[in-house]
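Protein chains in written order, with our numbering: chain A, 3 to 291; chain B, 2 to 173.
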């Protein structure tokens with residue numbers, strides 16, 4: 003018997019027989035000898051017993067066919083009853099002894115077992131590879147699962163503070179390319195949306211502007227000029243109504259007022275003589291003040 | 002009430018008759034005050050420094066007034082493109098196309114300026130009824146008068162003052 007082969011390599015022993023807590027080798031060999039002899043004996047006994055049972059069963063059938071067999075059978079039964087009882091007691095005792103032996107042997111076996119080695123030999127991926135994940139997921143009703151999920155309770159159990167405490171904000175910020183973000187911002191568009199008038203009117207900036215630039219004279223002058231412009235506009239409208247002008251004149255010199263503010267020339271080279279009223283301005287043309 | 006915000010939209014537009022009349026009135030007032038004060042100072046100086054007495058009356062006074070007026074308007078138009086009265090009302094003289102008034106056109110305007118009066122006021126009617134608000138001397142000199150003051154600053158001043166008053170009246 004090759005001991006090395008039977009024990010396997012040192013790294014793969016499921017029940018290692020070497021080490022401080024293991025039975026000595028001589029004792030193990032002796033135990034193997036006893037167990038081998040016992041197993042042979044039991045095997046022979048079982049085969050003999052089986053043959054005896056067959057012979058007894060045949061003898062019983064022959065005996066039962068003889069006259070007076072019933073009486074003899076009862077007599078035999080009465081005589082065998084004490085023997086049967088003794089046999090039952092011995093069987094119970096043997097079972098109890100075997101139970102006690104197992105209770106002592108199994109913990110020792112468990113203690114001697116290298117579970118890590120067993121786990122190492124198990125190919126955990128093999129069962130996973132045999133699982134058809136798509137078919138499995140197809141049978142899962144995600145909607146029903148979500149309906150049964152109490153999201154509020156789930157969120158209440160999330161410790162946001164602990165999560166945030168684990169986030170290194172400095173590292174996150176250091177990884178942000180601020181220049182790239184700033185390059186994508188249209189500052190001109192933002193500035194065009196700023197209502198300077200509202201800022202001046204509703205903030206202290208307006209007060210600063212007023213205190214630094216205005217006095218009584220300038221405010222009076224601003225008011226007088228604005229009032230005069232209003233009076234001019236009033237007179238102009240009155241005159242246009244009296245003179246029944248249908249079109250307004252240019253609001254100002256062409257270099258100071260945009261071209262589109264002026265009405266179209268009355269004799270344009272491309273216009274037909276019977277042309278009607280001038281066409282309306284384009285929709286994107288600014289309004290004439 | 003016309004606010005400065007609305008007046009801002011009229012910057013660069015032809016000035017109307019009310020503004021120009023008030024500017025002319027202010028200039029006339031300045032001319033009169035300065036001329037009278039100048040004559041008084043000159044008379045005081047002659048009386049004090051010489052044995053003679055300066056009497057500026059009648060034709061001499063009128064001719065002196067005309068000369069002083071021409072000097073007043075001519076120097077201000079040539080030098081600044083506007084008279085002091087125009088500055089007060091926020092007006093400016095420009096070329097008809099809107100470009101800056103040059104010396105030659107300012108002098109032409111000064112020379113033709115009396116035509117407004119010599120026509121018994123008819124020369125001024127263009128300011129009221131003309132599409133470009135040009136008087137006869139503007140047409141001759143190819144000039145125009147437009148609104149031109151810092152209306153943006155005026156608007157900000159008005160907004161700041163109104164906002165400050167509103168905050169002042171708010172309960173604390």
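A virtual CB, placed ideally from N, CA and C, is assigned to each residue, including glycine.
Owing to the predicted nature of the structure, the values given are computational and were not obtained by experimental measurement.
Endpoints, the beta strand (DSSP E) within which residue 64 of chain A is located: Premise fails: residue 64 of chain A lies in the alpha helix (DSSP H), 27-67, not in any beta strand (DSSP E).
Within-8 Å CB hit, residue 231 of chain A to chain B: yes
Interface residues of the region 119-144 of chain B facing chain A [CB-CB below 7 Å]: 129, 130, 132, 133
8 Å Cβ cutoff, residue 18 of chain B in contact with chain A: yes
Alpha helix (DSSP H) segment containing residue 97 of chain A, residue limits: 71-114
Euclidean distance between Cα positions of residue 85 of chain B and residue 105 of chain B: 20 Å
7 Å Cβ shell around residue 97 of chain B - same chain, five flanking residues per side excluded: 143, 144, 145
Where the region 85-116 of chain B meets chain A: residues whose CB sits under 8 Å from a CB there: 89, 90, 91, 95, 96, 97, 98, 99, 100
Where residue 148 of chain B falls: helix, strand or coil (DSSP): strand
Buried versus exposed, by CB contacts within 10 Å (16 or more), residue 134 of chain A: exposed
Near-chain B residues of the region 177-207 of chain A (beta-carbon distance less than 7 Å), N- to C-terminal order: 199, 202, 203, 204
Cα-Cα separation between residue 188 of chain A and residue 180 of chain A, rounded to whole angstroms: 14 Å
Where residue 148 of chain A falls, given that 16 or more other Cβ within 10 Å makes a residue buried: exposed
For residue 43 of chain A and residue 33 of chain A, the rounded distance between their alpha carbons: 15 Å
Beta carbon proximity, residue 61 of chain B to chain A, threshold 8 Å: no
Alpha-carbon to alpha-carbon, residue 17 of chain B and residue 234 of chain A: 5 Å
Residue 120 of chain B, DSSP secondary structure in three states: coil
Close beta carbons around residue 127 of chain B, own chain, < 6 Å, minus the five adjacent residues each side: 135, 136
Chain A contacts from the region 146-164 of chain B (Cβ-Cβ distance under 7 Å): 147, 148, 150, 154, 155, 157, 158, 159, 160, 161, 162, 163, 164
Beta carbon of residue 132 of chain B nearer than 8 Å to that of residue 256 of chain A: no
Simplified DSSP assignment, three categories, for residue 15 of chain B: strand
Residue environment, residue 83 of chain B, which counts as buried when at least 16 other CB atoms sit within 10 Å: buried
Rounded Cβ spacing between residue 64 of chain B and residue 258 of chain A (contact assumed at less than 8 Å): About 38 Å; that fails the 8 Å criterion.
Partner residues on chain A for residue 23 of chain B, Cβ-Cβ distance less than 8 Å: 230
Contact check, residue 241 of chain A vs residue 11 of chain B, beta carbons under 8 Å: no
Counted within 10 angstroms of its Cβ, other Cβ atoms place residue 120 of chain A as buried (16 or more) or exposed: exposed
Residue-level contact to chain B via CB, residue 147 of chain A, 8 Å cutoff: no
Presumed contact (8 Å Cβ cut-off) between residue 203 of chain A and residue 164 of chain B, rounded CB distance: 4 Å
Neighbour flag for residue 27 of chain B against chain A, beta carbons, 8 Å: no
Span separating the alpha-carbon of residue 122 of chain B from that of residue 23 of chain B: 16 Å
Whole alpha helix (DSSP H) elements within the region 75-148 of chain B, 4-residue minimum: 85-90, 104-113, 116-119, 126-130, 137-142
Members of the region 60-79 of chain B that neighbour chain A once the beta carbon cut-off is set at 9 Å: none
Close-in-space but distant-in-sequence residues of the same chain around residue 8 of chain B (CB under 6 Å, 5 per side omitted): 152
Proximity test, Cβ basis, 8 Å: residue 257 of chain A and chain B: yes
Buried/exposed call for residue 105 of chain A, threshold 16 Cβ in 10 Å: exposed
When B/14, B/42, B/89, B/56 are compared against residue 26 of chain B, the one with the closest alpha-carbon: B/89
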